[in-house]
Amino acid sequence: MIHSPKVGGYDVISSQMFTLSTYQQKAQEILVPIYGDREALAVIKLWFKSRLRMSHIDLIMRRQGEVDFPSFDADLAELKANTPVQLVLGEAFFLDNAFAVNQHTLIPRPETEELVASILERFSNEDLKVIDVGTGSGCIAIALQLARPNWSIMGVDIHRQTIDAAKVNAERLEADVNFQVLDVLEEALPEFDLLVSNPPYIPKSEAHVMDNNVVEYEPDTALFVPDEDPLLFYRRLLELATEKKKDSTVYVVFEIHEDFGEQMIELCASFGCKEVNLLQDLQGKDRMIFAQYGD
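Encoded structure:
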């Protein structure tokens, strides 16, 4: 008989060792009523893979084996409180690499993986100076540098704590990226050939329809823009790109809100972009802008 103390009215497992199957069963018992079947299973898979350092195949093949899982109860209590699993773990996976994340960084999304993949497909052999504006955890800048070691890459963000997290990730992943604190709304940018940004783009009025674990735990400054000026950051970045285009071709690549695709095409055209392409994500939603100044 397993002795299971109560946490928030649910039975949880004590600190002794049990089989992986038992841990999975208890986790599902508590999390499925909160998250639903599909999301709960995704959370549990990510949680177990990270804490137990097991592959997906290991989680299947070793279900009946005993495992040491000392953080199980504490993790489960946080997940029950709707803390994002990535913040419980202190890391999020992005293009197969683990990035440290905290309350100062946006949790990387699959759409941003698609953005990086599209950049790598578009720019293959060039030697480029790249700047990632609003770098957050550094996932875009670091992923680009790991794939294109010949690129000179800088990542900038307004918050010191965010830049510190990005530097930790660069060191862990042995990526040669220059991270700096910079307020793009107030300061100029250094020279670049390619500007990449996943800036805040969600109108503040949409907060009430978003998941609570996003609104409550991820930084507002990385998510939201004023309802009256949702293209604020894109306009400023295009202004800065316009200043750099005088002597050479300059490219800008943005992740965007799904509702603002046509507005972004018009905005880029108003700044004299020679070529503007709107790309969709795997869900068929408008998600990326690729624009070019010059020949």
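If you count by the numbering used here, then the sequence shown holds residues 36 to 330, one letter each, in order. Virtual Cβ for every residue (Gly too), placed ideally from N, Cα, C.
Reference residue i, options the options, closest by Cα
{"i": "Lys115", "options": "Gly307, Asp192, Lys61", "result": "Lys61"}
{"i": "Ala182", "options": "Leu155, Asp255, Ala133", "result": "Leu155"}
{"i": "Leu124", "options": "Ile92, Ser159, Arg97, Lys84", "result": "Lys84"}
{"i": "Ala304", "options": "Met89, Gln180, Arg270", "result": "Arg270"}
{"i": "Glu148", "options": "Arg98, Asn312, Arg322, Tyr328", "result": "Arg322"}
{"i": "Ile177", "options": "Gln138, Tyr236, Ala133", "result": "Ala133"}
{"i": "Gln327", "options": "Asp246, Leu302, Gln196", "result": "Leu302"}
{"i": "Phe104", "options": "Arg86, His91, Leu94", "result": "Arg86"}
{"i": "Ser232", "options": "Val165, Asn204, His243", "result": "Val165"}
{"i": "Phe227", "options": "Pro234, Val168, Lys202", "result": "Val168"}
{"i": "Val249", "options": "Leu111, Gln99, Asn117, Val102", "result": "Asn117"}
{"i": "Gly190", "options": "Asn213, Leu179, Arg207, Ala205", "result": "Asn213"}
{"i": "Tyr286", "options": "Leu273, Asp294, Met89, Phe295", "result": "Leu273"}
{"i": "Leu314", "options": "Pro235, Leu66, Gly100, Arg157", "result": "Arg157"}
{"i": "Glu241", "options": "Thr57, Ile92, Asp294, Gln298", "result": "Asp294"}
{"i": "Ile188", "options": "Gln215, Leu141, Pro119", "result": "Gln215"}
{"i": "Arg144", "options": "Leu163, Met52, Ile175, Glu263", "result": "Ile175"}
Local conformation of residue i per DSSP, three classes
{"i": "Val216", "result": "strand"}
{"i": "Arg97", "result": "coil"}
{"i": "Tyr58", "result": "helix"}
{"i": "Arg322", "result": "strand"}
{"i": "Tyr70", "result": "helix"}
{"i": "Ile237", "result": "strand"}
{"i": "Tyr328", "result": "strand"}
{"i": "Ile177", "result": "helix"}
{"i": "Leu224", "result": "coil"}
{"i": "His38", "result": "In this prediction, His38 scores a pLDDT of 40, lower than 50, which makes its location untrustworthy; no coordinate-derived value is stated."}
{"i": "Ala201", "result": "helix"}
Residues that DSSP places opposite residue i in a beta bridge
{"i": "Ser305", "result": "Answer is none; Ser305 lacks a bridge partner."}
{"i": "Asp344", "result": "Because the chain in this structure spans residues 36 to 330, residue 344 falls outside the shown range and cannot be described."}
{"i": "Phe134", "result": "Ala127"}
{"i": "Gln121", "result": "DSSP lists no partner for Gln121."}
{"i": "Val102", "result": "Phe53"}
Any chain C beta carbon closer than 9 Å to residue i
{"i": "Asn204", "result": "Going by chain labels, chain C is absent from the structure shown, which holds only one protein chain."}
Inter-residue CB distance, residue i and residue j (contact presumed, cutoff 8 Å)
{"i": "Gly307", "j": "Thr277", "result": "7 Å"}
{"i": "Pro254", "j": "Gln138", "result": "7 Å"}
{"i": "Arg88", "j": "Ser56", "result": "In fact, because the Cβ distance is near 18 Å, the residues do not count as touching under 8 Å."}
beta-carbon residue i near the ligand COA non-hydrogen atom, thresh 8 Å
{"i": "His292", "result": "The ligand COA is not part of the structure shown, which contains no ligands of any sort."}
(request) Could you name each continuous alpha helix (DSSP H) segment of 4 residues or more that falls completely within the segment 254–315, going from the start of the chain to the end? (result) Correct list: 255–258, 267–279, 296–305.
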